[in-house]
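Worksheet: the structure to be examined is printed underneath.
2 protein chains.
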Amino acid sequence: MKVNARELESLMGYNARRVWLAVLGRFGERMGVRGLKPAEFSVLLLVSHNPGITSRQLCASLDILPPNLVRMVHMLQERGLVERRAHPRDGRAVGLHAPPAGLALTREAVRVARQVEADVTGSLTQAERATLSRLLRKVAGPNPGR
Amino acid sequence: MKVNARELESLMGYNARRVWLAVLGRFGERMGVRGLKPAEFSVLLLVSHNPGITSRQLCASLDILPPNLVRMVHMLQERGLVERRAHPRDGRAVGLHAPPAGLALTREAVRVARQVEADVTGSLTQAERATLSRLLRKVAGPNPGR
DNA sequence: TATTGTTATACTCTATAACTATA
DNA sequence: TATAGTTATAGAGTATAACAATA
Numbered sequence: 114m115k116v117n118a119r120e121l122e123s124l125m126g127y128n129a130r131r132v133w134l135a136v137l138g139r140f141g142e143r144m145g146v147r148g149l150k151p152a153e154f155s156v157l158l159l160v161s162h163n164p165g166i167t168s169r170q171l172c173a174s175l176d177i178l179p180p181n182l183v184r185m186v187h188m189l190q191e192r193g194l195v196e197r198r199a200h201p202r203d204g205r206a207v208g209l210h211a212p213p214a215g216l217a218l219t220r221e222a223v224r225v226a227r228q229v230e231a232d233v234t235g236s237l238t239q240a241e242r243a244t245l246s247r248l249l250r251k252v253a254g255p256n257p258g259r
Numbered sequence: 114m115k116v117n118a119r120e121l122e123s124l125m126g127y128n129a130r131r132v133w134l135a136v137l138g139r140f141g142e143r144m145g146v147r148g149l150k151p152a153e154f155s156v157l158l159l160v161s162h163n164p165g166i167t168s169r170q171l172c173a174s175l176d177i178l179p180p181n182l183v184r185m186v187h188m189l190q191e192r193g194l195v196e197r198r199a200h201p202r203d204g205r206a207v208g209l210h211a212p213p214a215g216l217a218l219t220r221e222a223v224r225v226a227r228q229v230e231a232d233v234t235g236s237l238t239q240a241e242r243a244t245l246s247r248l249l250r251k252v253a254g255p256n257p258g259r
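Protein chains in written order, with our numbering: chain H, 114 to 259; chain P, 114 to 259.
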């Protein structure tokens, strides 16, 4: 017996979630063995591209709450992917930096992410893929922070 | 200090998640007072459109695990939005049906969902919105079930 | 007084194992 | 033996409150 899901599948929120879950699953398959989850990847990527970034800035950029970032940074630090250094101007803050190992894993993870993206959007033409990427980004918009 | 998130924001998975979170948040604001969460909405919608659908079919269609569906159905049942009836042919199974109250809330929730969708995609033209919807659906594809 | 970062904790969502009743 | 549905429970992800150190 076939289930009628037409109206549900016509909703963009529902489809956006399914696309996200598809990406999540495939990324996990390929990067899970390296112990890097999507959320940790996003943190590592921002640290790599923003040497000295603080926890507060990471939280605002990624819409993560400070208490939930602590464990992620701690994990990345324990694996030698991120270093914590005293902030030059603010004694309360800690600047995060990616040592060579962190930068290397970032590059590899980005390659995996792009490959996952290509796999998930395999049913699209190159032009459609570019359009989808552009429109999604336009809707997601700039992060207003908190 | 401006955070460089260019590469992160160029990833479709990341943007798909942000679009989903935007929809999630707005839907919660408007339907939360009615006690209907997005996951429960999807269950109610499928029951409304598929009278007699079983838990197993719901789980396969929505990619939900059976134990996690139990509470949702129970909640919907307690609110009089869903009814459980013995399956005509299979004594193990239970057919789910939406009484008038369930059908009414389904219609209202669909209206809210479409309004949320319009709000979230407010930065898009009508043509872009249609394109995004089509491409997202194409990527999300038919649910292969489990 | 406000902010950075942390701990402890709770709540939700999701996942696994084991059980029953029926097929 | 396999399947539908359930219970109990464990693991993630996400949320709030309260605190120490610094601004």
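Beta carbons: idealized from backbone N, C-alpha and C, even for Gly.
Which same chain residues, not among the five before or five after residue i, have their C-beta less than 8 angstroms away from its C-beta?
{"i": "R259(P)", "result": "At R259(P), the pLDDT of 39 sits below 50, so the modelled position is not reliable; the number obtained from the coordinates is stated separately. C172, A173, D176, listed in sequence order."}
{"i": "L218(P)", "result": "R147, L149, L157, L194"}
{"i": "H200(H)", "result": "G165, T167, A206, V207, G208"}
{"i": "R143(P)", "result": "V225, Q228, V229"}
Residues in its own chain within less than 6 angstroms of residue i by CB, not counting five upstream and five downstream?
{"i": "E153(H)", "result": "M185"}
{"i": "L121(P)", "result": "Y127"}
What does the alpha-carbon distance come out to for the pair residue i and residue j?
{"i": "Q170(H)", "j": "V233(P)", "result": "25 angstroms"}
{"i": "P267(H)", "j": "M114(H)", "result": "Any answer about residue 267(H) is impossible in this case: the structure gives chain H only from 114 up to 259."}
{"i": "G141(P)", "j": "V195(P)", "result": "21 angstroms"}
{"i": "V225(H)", "j": "A135(P)", "result": "26 angstroms"}
{"i": "H192(P)", "j": "H210(P)", "result": "Contrary to the premise, residue 192(P) reads as Arg rather than His in this sequence. The alpha-carbon atoms of R192(P) and H210(P) are separated by roughly 13 angstroms."}
{"i": "P164(H)", "j": "L137(P)", "result": "32 angstroms"}
{"i": "R227(H)", "j": "L216(P)", "result": "42 angstroms"}
{"i": "E221(P)", "j": "P255(H)", "result": "31 angstroms"}
{"i": "L248(H)", "j": "I166(H)", "result": "29 angstroms"}
{"i": "R202(H)", "j": "P151(P)", "result": "45 angstroms"}
{"i": "S168(P)", "j": "G208(P)", "result": "8 angstroms"}
{"i": "T238(P)", "j": "T244(H)", "result": "14 angstroms"}
{"i": "K251(P)", "j": "V132(P)", "result": "17 angstroms"}
{"i": "G204(H)", "j": "H162(H)", "result": "23 angstroms"}
{"i": "V223(P)", "j": "A206(P)", "result": "28 angstroms"}
{"i": "G235(P)", "j": "R242(H)", "result": "21 angstroms"}
{"i": "A118(H)", "j": "L159(P)", "result": "6 angstroms"}
{"i": "N181(P)", "j": "V116(P)", "result": "39 angstroms"}
{"i": "R197(H)", "j": "H187(H)", "result": "10 angstroms"}
{"i": "L124(P)", "j": "L124(H)", "result": "22 angstroms"}
Taking the beta carbon of residue i as the centre, do at least 16 other beta carbons fall within 10 Å, making it buried, or is it exposed?
{"i": "S155(H)", "result": "buried"}
{"i": "E230(P)", "result": "buried"}
{"i": "Y127(P)", "result": "buried"}
{"i": "R130(H)", "result": "buried"}
{"i": "L178(H)", "result": "exposed"}
{"i": "A253(P)", "result": "buried"}
{"i": "V183(P)", "result": "exposed"}
Between which residues of its own chain and residue i is the CB-CB distance below 7 angstroms, once the five residues before and five after are set aside?
{"i": "G145(H)", "result": "none"}
{"i": "L189(H)", "result": "E153, V156, L157, V195"}
{"i": "R60(P)", "result": "This structure does not reach residue 60(P), given that chain P is present from 114 up to 259, and the question cannot be answered."}
{"i": "S246(P)", "result": "none"}
So residue i contacts chain H; which residues on that side make the cut at Cβ distance below 8 angstroms?
{"i": "G126(P)", "result": "V132, W133, V136, L137, F140, P151, A226, V229, E230, V233"}
{"i": "I166(P)", "result": "V116"}
Whose Cβ in chain H lies nearer than 9 angstroms to the Cβ of residue i?
{"i": "K170(P)", "result": "Note on residue identity: the sequence assigns Gln, not Lys, to residue 170(P). Within 9 angstroms Cβ-Cβ: M114, V116."}
Going along chain H, which residues have a C-beta under 7 angstroms from residue i?
{"i": "H162(P)", "result": "N117, E120"}
{"i": "T244(P)", "result": "T244, L248"}
Mind pulling the chain P residues with CB within less than 7 angstroms of residue i?
{"i": "G215(H)", "result": "Per Cβ cutoff of 7 angstroms: no residues; G215(H) is ~15 angstroms from chain P at best."}
{"i": "A129(H)", "result": "A129, V132, W133, V136, L249"}
{"i": "A253(H)", "result": "N128, R131, V132"}
{"i": "V223(H)", "result": "E120"}
{"i": "L159(H)", "result": "V116, A118, L121"}
Which residues in chain P have a C-beta closer than 8 angstroms to the C-beta of residue i? List them in chain order.
{"i": "E241(H)", "result": "L248, K251"}
Could you list which residues in chain P have their beta carbon closer than 9 angstroms to that of residue i, in chain order?
{"i": "L237(H)", "result": "L248, K251, V252"}
Problem set entry | Secondary structure, alpha helix (DSSP H): runs of 4+ residues fully inside the segment 207 to 235 of chain P | Complete alpha helix (DSSP H) runs here, min 4: 213 to 233.
For this session: Could you pull out every unbroken beta strand (DSSP E) segment of at least 3 residues lying fully inside the segment 125 to 204 of chain P, listed in chain order?
Result: Counting only runs of at least 3 residues, the segment 125 to 204 of chain P fully encloses the following beta strand (DSSP E) elements, listed from N- to C-terminal order: 196 to 199.
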